[in-house]
Amino acid sequence: MTIFLQASFEGLALGAVYSLVAIGFVLIYKAMDVLSFAQPALAVVGAGIISALAVDRGINFWIAFIIALIATGLLSAILERTFLRPMVGEPVFAVAILTIGLDIILRTVLDDWIGLNPRSMGDPITTWGEFGSLTVLNNYGGVIMKFQEMGALITALVSVLFLRYFFKISKYGIAMRATSFDQEASLAQGINVGRIFGLVWFIAGILATFAGFFITGGFNLLTQASFISALRALPAVVIGGLDSIPGAIVGSLIIGLTQGYVGYYQFPFESATGIILGSGFSLLAPYLIMFVILIIKPDGLFGTEEVERV
Amino acid sequence: MRSKRERGVIIFSILLLVLAACGGGATEETSEPVEEVVAETLDSPAVTTASTLKTGVGVTDEPCPEAVGGIPTGANPAQGCIYLGLLNDYTGPYAAVSVGLETGQRAFWLAVNSTGGIGGYSVAITEGQDTGYNPQKHLEGYNAIRNDVAALAMSLGTPQTVFILDELDADNMVSAPMSWYSGWSYKSVDRGLVVEFGSAYCADGMNAVDWAVDNYPAPIKKIGIIAYQGDYGGDWAAGVKKAAATHGMEVAWEYIPPVTEFDITQAAGLLVTQPVDAYFPALSPSLMAQVIGGAAQAGVIPLAMLAAPSYNDAFVQEGFPLKAVFESGAVYTMAFVDPFEADTAGHAAMRATLGNFTDSASTFLVAGWASQYHLKGVLEAAIKGGDLTRAGIRRAAANVNVESEGMMPTRELGQNRADADSSIGQPDGSIPSGSRSLASRYVGKTAAAYDWNAGPCS
Amino acid sequence: MKGRPKLYTNYQKETAILNTTTQKVWALLGLLLLIISSFYLSQYWMFLVTTALLISIAAWGLNIVSGFAGQISLAHGAFIGIGTYVSAVLGGVGSAYIRGYELDMLIWLPLAGIVPALVGLMVAPLAVRLKGLNLGLVTLGLVYISSFIFSNWKSVTGGSGVGRKTARLKIFGIDFNDGFYLGSYHIEKNQFIFFLSLLLFILAGAGIKNLMRSKIGRAYAAIRDRDIAAEAIGINLYRYKASAFALSSFYAGVSGAIIFLMSGGVDPSQFNLVYSVTFIAIVIIGGAGTVLGPLFGAVFFSLIPGVIKSLIHFFGAYGQLLPLHPTQIERLIFALLLIGFLIFEPRGLWGVWFRLRNYFKAWPFSY
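Okay, here's the thing in structure tokens:
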């Protein structure tokens, strides 16, 4: 029972982190029909800025965090303006490859800065900070809830609620919804679509920074391989449907939970049944689920079916 | 759009022209020296006194370059040069320690060259080839240098070296390893090509268990093993399991995935959900930190006996978040050679030379320095036998006693027997090398009782 | 008629594989140049040239499925890997840990193409149901699944970080591993592999050209442009998409079988996502949908590391001042070029060549 609860909690926390990346993916896709492979790289950029300011220069963590959020958001918007604006109207595939190119550039420069030794994020609140945990439900054997994971869950929840409010009520939010629905009509209504694109990437950059922080915070230090953890959110987007935010959240939770359960139950399963799944299975399982769901529902669980006209 | 296209085209054409000009003028690789086509057998005795010295590939009469890789070679401009190759990991899991290893090795030969070189030659290590700890790139790196060097100063990684063994065999290329697989001491595995040094993983594994049982206050009944797949992790695990069997311990779990598939969450998860009294990891430093950290975050810090390549002294430097965990008294490390501060003639010479380059006291500098002693011994024996061709060097490696100025016990190469003593330390940030030596040349009861003539452990 | 190269007097001449005299001349010259240079170039450059030839074959394969038929495939690297391992298992040396049957090349080379083709056929049903990005993401999933299988199937691949040796060269029962003697002249193993690759390259190139001018090629073009419309005019979507994947995997497999023969060994971690993306970049940089495009891309890509190394040597001491490692510079330049081509010249190097050619064709009236 404890293992189940422990696995569930960790899976949910993982899912929360993935959802931060996944929502970024979906926002960009909805607005621009572009799948941006650069999100994981931006997550690492955000984490890198936090580390550089908070740990290397000793600036107060919260100030460093806010600076990182804004800086990554701005970088994101600048990337959109410089590289993606000329690609408006080009086939989707070409733009996706372009974002892969961007990802490679960002990561190469970043890898050089990160260097070979892992870097730390620093501690936001020393008492309930990154390096501690809380053991609850001791009657059931004790489930260890790391503060970092709790933070991830809370942040994801707050972000989703904020975005919901933003899209419903705020002027720019409604403009974004309009743009993702029909660009031409929005232009006709006087919405500055270019600015909306920039704003979408800005928000995606901020979400990526949040994700980057939780991926590399605490004892999961920032290394050259950290971006891989963010890339694992991709199946989530596909499962949920490329253009659905609730889909992204559901997909991320599915993937997070899968990873958690497989991680914890693989050994007992293998010793009980004797079937060897192979090491690294917990990293593969999300893709298998993605396959299955795609075969049943080609547009994802919540995606809108693409109606093609000749 | 038009002007943008044109601009792009112009920029690109210029780029092309520049690349074409430089690419076409690329210097050809230095012409391959003719291989010595002399009928050679490997059975002739190693040590004869001959009057003339036969030389082969990798030995030239021109002096060595003044500096390679940023470190001076100290070569004597009046002497010829013996070139040694270097296969290092600059971009993979051991990248963090690659610089230390290389510096230690180049500093060694700097010291040797400054005192006259060997046999009238100076020795220089060529530019390192990046292998990324990947067997295929290791092979490619070797192919790039195989026609230019007389021996390899370092071939980093056990599976990687095994992967190129056929090529080494074909070239008669002797190599100093940077891994401590017990197989290197047995001709059946290394065909007499690998000039090993330091204690093997298998012996380390046994000694780790024995020492922990003897010295750790709490009883140890259940243990776990986390390791990289391949001969490194496999050898260590074999040693640990043999010792565990003699003590009647239960191996609760083993997590031994390939290095590229290592899932930190799973490893840390095992430590948390299936607690053991002690665990024995054989990983690389960066993953080690994350595994210990992941478990520590959940409040789980069991006794850990780290295989030598898993520890990096950066872990106990000020500012590293896991410093407290590493110094908590639950973590111990094996070491292939005694740490930097040890009191031997070799260590002292090393400190004197390295002091000119770096303040670091990392164990990897020591490993790099120490790795070259035995190779030097082999080269000197080859020179004494009058045959500095690669076949001659290989013959010398088959039967010679090599010294290391006290850093390691005298070793008889080619005897098909691994050495069984280990060095054990505890992470300590107050010491420059990052570890305080607790036991030197320790041989536990399992290692003492094991038949080391039987062959490699795994 | 002399001087009027584009005047075709019958249909056969128009659709011939090399249909103008210029093309014939250049092809012949290129061939001769390659053959002669193989005797004079150093090992290093021979290695690069042979790699370029083999990568061209794989790039042509990707071009079939992505450039001609318009199906996004990120899994090309996996198919190359399947080809490599089929050849390694059938043609390589076996041991206690690793399977190898040391069969003749006549057996493993074709099979190295056929087995990936069969796997490619299995992907086809998915391809028909999915479009665009979703297809791309599914092929992405394929890459991860194949990586997983490669790393865990140790008896075939040796496992990640351990690897295994590749096939031995044995044709008609004659062992070519140490080179062979043509009269009194010794041809080394790598030179032999060069000639083999050249032969395969010519066959593959002819195959592609032939494909392009055939009914299948036209069907692919139709599918790429608008698959619903293609279906409406009677093209069996399923059959052609399946054949596109199968053919492309065949090319990939054949290329994979030979490409690692020179280094002699292969590690399963080699066939990852970055490897597949590299091929996509080669096709894009070279020019998708054309025959010469992937060739340009492959040559460009194979020579880049050598060129960068020479550049750094050229700058000598300044090279040390660079903040980045040579491998990182290579990656950076590669990514920049990819982005540059996508934005400025979507038709890739072929597009550049096309413009240059037209400029000179119309000279001195070009503008």
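Protein chains in written order, with numbering that gives the first Met the number 0: chain A, 0 to 309; chain B, 0 to 457; chain C, 0 to 366.
Ideal Cβ positions, reconstructed from N, Cα and C, are used throughout, including at glycine.
As the structure is a computational prediction, the values presented were derived from the model and not from experiment.
Whole-number beta carbon distance between residue j and residue i, since they are thought to touch under 8 Å
{"i": "B/Gly118", "j": "B/Ile300", "result": "Not a contact, Cβ separation roughly 53 Å."}
{"i": "C/Ile283", "j": "C/Phe300", "result": "The Cβ separation is near 11 Å, so there is no contact."}
{"i": "A/Gly14", "j": "A/Ser251", "result": "5 Å"}
{"i": "B/Asp203", "j": "B/Ser421", "result": "5 Å"}
{"i": "A/Gly239", "j": "A/Leu300", "result": "6 Å"}
{"i": "B/Thr245", "j": "B/Thr445", "result": "5 Å"}
{"i": "A/Thr37", "j": "A/Asp102", "result": "Here the sequence assigns Ala to residue 37 of chain A, which means Thr is not the residue at that position. Sure, about 5 Å apart at Cβ, within 8 Å."}
Neighbouring residues, chain A, relative to residue i (Cβ below 8 Å)
{"i": "C/Pro345", "result": "Glu89 and Ala93"}
{"i": "B/Trp252", "result": "Phe266"}
Neighbouring residues, chain A, relative to residue i (Cβ below 7 Å)
{"i": "B/Ser285", "result": "Pro117 and Thr222"}
{"i": "C/Val276", "result": "Ile99"}
{"i": "C/Arg330", "result": "Ile103 and Thr107"}
{"i": "C/Tyr10", "result": "Result: empty, since nearest Cβ-Cβ is about 31 Å, beyond 7 Å."}
{"i": "C/Ile144", "result": "Leu283 and Tyr286"}
{"i": "C/Leu110", "result": "Going along chain A, no residue has its Cβ under 7 Å from C/Leu110, so there is no contact; the nearest lies around 25 Å."}
Where residue i falls: helix, strand or coil (DSSP)
{"i": "A/Gly277", "result": "coil"}
{"i": "A/Val16", "result": "helix"}
{"i": "B/Met333", "result": "strand"}
{"i": "B/Glu39", "result": "Caution is warranted here: a pLDDT of 39 is assigned to B/Glu39, below 50, making its placement in the model unreliable, and no coordinate value can be reported."}
{"i": "C/Phe278", "result": "helix"}
{"i": "C/Leu17", "result": "coil"}
{"i": "C/Trp349", "result": "helix"}
{"i": "B/Tyr82", "result": "strand"}
{"i": "C/Val265", "result": "strand"}
Within 8 Å, strictly: CB atoms of residue i and residue j
{"i": "A/Arg118", "j": "A/Leu52", "result": "no"}
{"i": "B/Val290", "j": "B/Ala267", "result": "yes"}
{"i": "C/Ala74", "j": "C/Val142", "result": "yes"}
{"i": "A/Ile27", "j": "A/Val249", "result": "no"}
{"i": "B/Pro257", "j": "C/Gly158", "result": "yes"}
{"i": "B/Gly156", "j": "B/Arg105", "result": "no"}
{"i": "B/Phe196", "j": "B/Ser370", "result": "yes"}
{"i": "C/Ile63", "j": "C/Leu246", "result": "yes"}
{"i": "B/Ile124", "j": "B/Leu85", "result": "yes"}
{"i": "C/Trp59", "j": "C/Ala203", "result": "yes"}
{"i": "B/Val271", "j": "A/Ile143", "result": "yes"}
{"i": "C/Ile79", "j": "C/Gly255", "result": "yes"}
{"i": "C/Ser55", "j": "C/Ala220", "result": "no"}
{"i": "C/Tyr96", "j": "C/Val88", "result": "no"}
Under 8 Å from the C-beta of residue i: neighbouring residues of chain B
{"i": "A/Asn219", "result": "Ile263, Gln289, Gly292 and Gly293"}
{"i": "A/Gly262", "result": "Asp262, Thr264, Gln265 and Gly268"}
Contacts that residue i makes with chain B (C-beta to C-beta distance below 9 Å)
{"i": "A/Ile143", "result": "Val271, Gln296, Ala297, Gly298 and Val299"}
Chain C residues whose Cβ lies nearer than 7 Å to that of residue i
{"i": "A/Phe24", "result": "What A/Phe24 touches in chain C: nothing, since even the nearest Cβ is about 11 Å away."}
{"i": "A/Pro85", "result": "Ile342"}
{"i": "B/Asn398", "result": "Near B/Asn398 there are no residues of chain C at all, since even the closest Cβ is about 29 Å away, more than 7 Å."}
Under 8 Å from the C-beta of residue i: neighbouring residues of chain C
{"i": "B/Asp129", "result": "Thr326"}
Contact set between residue i and chain C, taken where Cβ atoms lie within less than 9 Å
{"i": "A/Met175", "result": "Per Cβ cutoff of 9 Å: no residues; A/Met175 is ~21 Å from chain C at best."}
{"i": "A/Leu34", "result": "Leu132, Gly135 and Leu136"}
{"i": "B/Glu65", "result": "Within chain C, no residue comes near B/Glu65; the closest Cβ sits about 13 Å away, beyond 9 Å."}
Contact set between residue i and chain B, taken where Cβ atoms lie within less than 7 Å
{"i": "A/Ile2", "result": "Thr272"}
Short CB-CB distance (under 8 Å) between residue i and chain E
{"i": "A/Gln182", "result": "In the structure shown, chain E does not exist; the protein chains are A, B and C."}
Query raised in the report: For the stretch 276-309 of chain A, which residues have a beta carbon sitting closer than 8 Å to at least one beta carbon of chain B?
Result: Ser278, Gly279, Ser281 and Leu282
Query raised in the report: Mind listing which residues of the stretch 235-255 of chain A have their C-beta closer than 7 Å to chain C's C-betas, in chain order?
Result: Val237 and Leu241
Report task. Give, in chain order, every residue of the stretch 236-270 of chain C whose Cβ lies closer than 8 Å to some Cβ of chain B. Result -> Phe259, Ser262, Gly263, Gly264, Val265, Asp266, Ser268 and Gln269
Query raised in the report: According to a CB-to-CB cut-off of less than 8 Å, which residues of the stretch 114-141 of chain C neighbour chain A?
Result: Leu125, Arg128, Leu129, Lys130, Gly131, Leu132, Asn133, Gly135, Leu136, Val137, Leu139 and Gly140
Report task. Determine which residues of the stretch 312-338 of chain B have a Cβ less than 8 Å from any Cβ of chain A, and write them out in chain order. Result -> Ala313, Gly318, Phe319, Pro320 and Leu321
Query raised in the report: Relative to chain C, which residues along the stretch 147-179 of chain B have a C-beta separation below 9 Å, given in chain order?
Result: Gly156, Pro158, Gln159, Val161, Phe162, Ile163, Asp165 and Glu166
Report task. Name, going along the chain, the residues of the stretch 67-99 of chain B whose beta-carbon falls closer than 7 Å to a beta-carbon of chain A. Result -> Ala94 and Ala95
Query raised in the report: Taking any Cβ of chain A, which residues in the stretch 53-70 of chain C have a Cβ under 7 Å from it, in chain order?
Result: none
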